[in-house]
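Engineer: 256 is the number of the first residue of the sequence shown in my numbering; add one for each residue after it. Glycine residues also receive a C-beta, built at the ideal position from the N, C-alpha and C atoms. None of the values given here were measured: they were computed from a predicted structure.
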Amino acid sequence: MDPQAAWQLMIDSFQEHDWPQLLDAAEGLQNWMSRGGCPPATVPGRRMGSLWDEQLASSICRFAADLATRVLADANGIPDGVPFSLSCCECDAEGPGTFAEAIAEGWTGIEFTPEGLAENFFGLCPQHGSDEE
Ligand SMILES: [Zn+2]
């Protein structure tokens, strides 16, 4: 295995919301390291050494595998345990505090977007969701 390629695949999968691929990459890298394989370089452009790299990579592998598992466990891709903060991707309107309330109000296309700065989910508010139909 190329641990650096697996690390990069984890980063790409997270940003692309490819949860099955994230889970595979995280488990694969974790297994590799647990069998004595060298960790990936975790800080671009800096040589941190295997103690740092293994600790950081191992923590992120556990986090990523757990998060991907929770996303995949929910029929709507809404991971259990993640605070529900929602904004409209068209107008930035703020949604209600739960997925069920958002659906009841007419929000559509709600997606988990963990790379967001101010919210964990993006969707279309009732006004913008109905514009598209
Ligand atoms: Zn809107």
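(1) Given the structure, does residue 348 come close to ligand 1, in the sense that its CB is under 7 Å from one of the ligand's heavy atoms?
(2) For residue 308, does the count of other Cβ atoms within 10 angstroms reach 16, so buried, or fall short, so exposed?
(3) Measuring from the CB of residue 345, is there a heavy atom of ligand 1 at a distance below 7 Å?
(4) Taking buried to mean at least 16 other C-beta atoms within 10 Å of its own C-beta, is residue 343 buried or exposed?
(5) When you compare the CB positions of residue 261 and residue 280, do they come within less than 8 Å of one another, or not?
(6) Any chance the stretch 266-279 sits against the stretch 359-379, with 3 or more Cβ pairs inside 8 Å?
(7) Report, in whole angstroms, the separation of the C-beta atoms of residue 352 and residue 384, which I expect to be a contact under 8 Å.
(8) Taking residue 366 as part of the beta strand (DSSP E), name the residues at either end of that continuous run.
(9) Note down the Cα distance separating residue 311 from residue 382, rounded to an integer number of angstroms.
(10) Going by DSSP, name the residue or residues bridged to residue 380.
(11) If you draw a straight line from the alpha carbon of residue 376 to that of residue 334, how long is it in whole angstroms?
Structural biologist: In this structure, then:
(1) Reading the sequence shown from its first residue, position 93 is the one you call residue 348. Yes, Cβ of residue 348 sits closer than 7 Å to a heavy atom of ligand 1.
(2) What you label residue 308 is simply residue 53 of the sequence shown in a count that begins at 1. Buried, because 16 or more other Cβ atoms sit within 10 Å of the Cβ of residue 308.
(3) If you number the sequence shown from 1, residue 345 lands on position 90. Under cutoff, so the answer is yes.
(4) Walking along the sequence shown from the start, residue 343 turns up at place 88. So residue 343 ends up on the buried side.
(5) Locating residue 261 in the sequence shown gives position 6, where the first residue counts as 1. Locating residue 280 in the sequence shown gives position 25, where the first residue counts as 1. Against a cut-off of 8 Å, the Cβ pair of residue 280 and residue 261 comes out as a contact.
(6) Output reads yes: the stretch 359-379 touches the stretch 266-279.
(7) Position 97 of the sequence shown holds residue 352. Position 129 of the sequence shown holds residue 384. Contact flag wrong, Cβ pair sits at about 19 Å.
(8) As a working note, residue 366 is residue 111 in the sequence shown. 363-367 is the extent of the beta strand (DSSP E) around residue 366.
(9) Residue numbering aside, residue 311 sits at position 56 when the sequence shown is read from its first letter. Residue numbering aside, residue 382 sits at position 127 when the sequence shown is read from its first letter. For the pair residue 311 and residue 382, the Cα-to-Cα distance works out to about 43 Å.
(10) As a position in the sequence shown, residue 380 is number 125, starting the count at 1. The partner list for residue 380 (beta bridge, DSSP) is empty, contrary to what the question assumes.
(11) As a first step, residue 376 is located in the sequence shown; it is residue number 121 there, counting from the start. As a first step, residue 334 is located in the sequence shown; it is residue number 79 there, counting from the start. Roughly 11 Å between the two C-alpha positions.
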